[in-house]
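J.:
Numbering (our numbering), first residue to last: 9 to 286.
1. Does residue 220 come within less than 8 Å of chain C when only Cβ atoms are used?
2. Assuming residue 210 is part of the alpha helix (DSSP H), what are its boundary residues?
3. For residue 136 versus residue 185, is the C-beta spacing smaller than 8 Å?
4. Using 8 Å as the threshold, is the C-beta distance between residue 235 and residue 273 below it?
5. For residue 41 versus residue 99, is the C-beta spacing smaller than 8 Å?
6. When the Cα atoms are used, what is the spatial distance from residue 3 to residue 191?
7. Would you kindly check if the distance between the Cβ of residue 238 and the Cβ of residue 228 is under 8 Å?
8. Buried or exposed: which applies to residue 155, given that a residue is buried once 16 or more other Cβ atoms fall within 10 Å of its Cβ?
9. DSSP three-state label for residue 255, please.
10. Note down the Cα distance separating residue 259 from residue 232, rounded to an integer number of angstroms.
11. Rounded to whole angstroms, what is the Cα-Cα separation between residue 165 and residue 49?
12. Using the C-alpha atoms, what's the distance from residue 174 back to residue 211?
13. Is the beta carbon of residue 217 sitting closer than 8 Å to the one on residue 187?
14. Ignoring anything shorter than 3 residues or poking outside the segment 149 to 209, list the beta strand (DSSP E) runs there in chain order.
Written out as structure tokens, the structure is:
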């Protein structure tokens with residue numbers, strides 16, 4: 009061992025001997041702080057898993073999941089902040105100076121973070137006013153997006169489209185939202201007609217298929233189907249309209265299946281699809 013290495017080794021040994029009590033006390037403080045943090049976090053998690061959920065039993069499950077997730081994350085962020093603050097204080101960092109500097113930096117940052125603040129405020133209103141919850145289907149007319157809420161956060165909302173696409177949307181962009189998962193919806197089935205077709209025969213088939221659909225999809229249909237009859241369309245011809253009242257979340261899927269029932273029943277009448285039914 010050369011002289012520099014010997015000098016370094018002696019310095020380290022002397023430092024450890026002279027400061028052994030301080031080091032032990034420091035390690036104990038750090039250990040107690042971390043253990044205390046873990047205990048508090050454990051009890052908070054248990055509190056959310058039992059007490060909070062029990063108090064919200066009368067609330068919709070999606071809303072309970074949304075509220076508990078957001079509150080749990082907010083409290084966890086606060087706990088980690090206090091843990092970080094306590095560890096730095098134990099290690100001897102001048103926290104007063106750091107906090108003052110952070111305050112000045114925070115003011116400067118806040119002046120340039122208007123959009124972030126807007127996201128957070130909008131997110132808080134969305135969550136606690138219950139505009140929509142995780143698992144519900146919503147439509148954003150401005151963005152032409154329809155999908156299921158996957159994640160609802162303070163800053164942004166994640167929507168999964170029917171084609172599997174994930175949309176991460178800042179909460180400030182959620183200005184007009186159509187919640188498709190609340191209240192029943194009407195499905196309008198418009199069958200385009202040709203002038204040469206036998207109307208009486210078509211009506212008989214439609215009435216028969218409407219009864220079949222009502223029986224086959226009874227768990228989804230919430231009211232009696234309405235056979236409205238002939239209506240004028242934009243092509244200077246007529247459609248035959250049937251209206252079903254169904255549960256909101258099944259709207260898109262059932263509309264397609266109802267059309268399929270009628271189309272399969274009408275071919276004997278040489279039914280011709282000359283235009284897009286939508």
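Each residue gets a CB set at the ideal place from its N, CA and C atoms; glycine is no exception.
T.: Well, looking at it:
1. Structure shown: chain C not included; a single protein chain is present.
2. For this step, residue 210 is matched to residue 202 along the chain shown. Its alpha helix (DSSP H) spans residues 207 to 224.
3. Counted from its first residue, the chain shown places residue 136 at position 128. Counted from its first residue, the chain shown places residue 185 at position 177. No, they are not a contact pair.
4. Numbered from its first residue, the chain shown carries residue 235 at position 227. Numbered from its first residue, the chain shown carries residue 273 at position 265. For residue 235 and residue 273, no; Cβs fall outside 8 Å.
5. For the purposes of this step, residue 41 is identified with residue 33 of the chain shown, where counting begins at 1. For the purposes of this step, residue 99 is identified with residue 91 of the chain shown, where counting begins at 1. Against a cut-off of 8 Å, the Cβ pair of residue 99 and residue 41 comes out as no contact.
6. Given a span of 9 to 286 for the chain in the structure shown, any question on residue 3 remains unanswerable.
7. Looking up residue 228 in the chain shown gives position 220. Looking up residue 238 in the chain shown gives position 230. 8 Å or more divides the Cβ of residue 228 from the Cβ of residue 238.
8. What you label residue 155 is simply residue 147 of the chain shown in a count that begins at 1. Result: buried.
9. Counted from its first residue, the chain shown places residue 255 at position 247. Coil.
10. The residue given as residue 259 occupies position 251 in the chain shown. The residue given as residue 232 occupies position 224 in the chain shown. Going by the C-alpha atoms only, they are around 16 Å apart.
11. The residue you call residue 165 lines up with position 157 of the chain shown. The residue you call residue 49 lines up with position 41 of the chain shown. Between residue 165 and residue 49, the C-alpha separation is close to 26 Å.
12. By one-based count along the chain shown, residue 211 stands at place 203. By one-based count along the chain shown, residue 174 stands at place 166. Between residue 211 and residue 174, the C-alpha separation is close to 43 Å.
13. On the chain shown, residue 217 is found 209 positions in, with the first residue counted as 1. On the chain shown, residue 187 is found 179 positions in, with the first residue counted as 1. Contact flag unset, no.
14. 153 to 160, 164 to 169, 174 to 178 and 193 to 200
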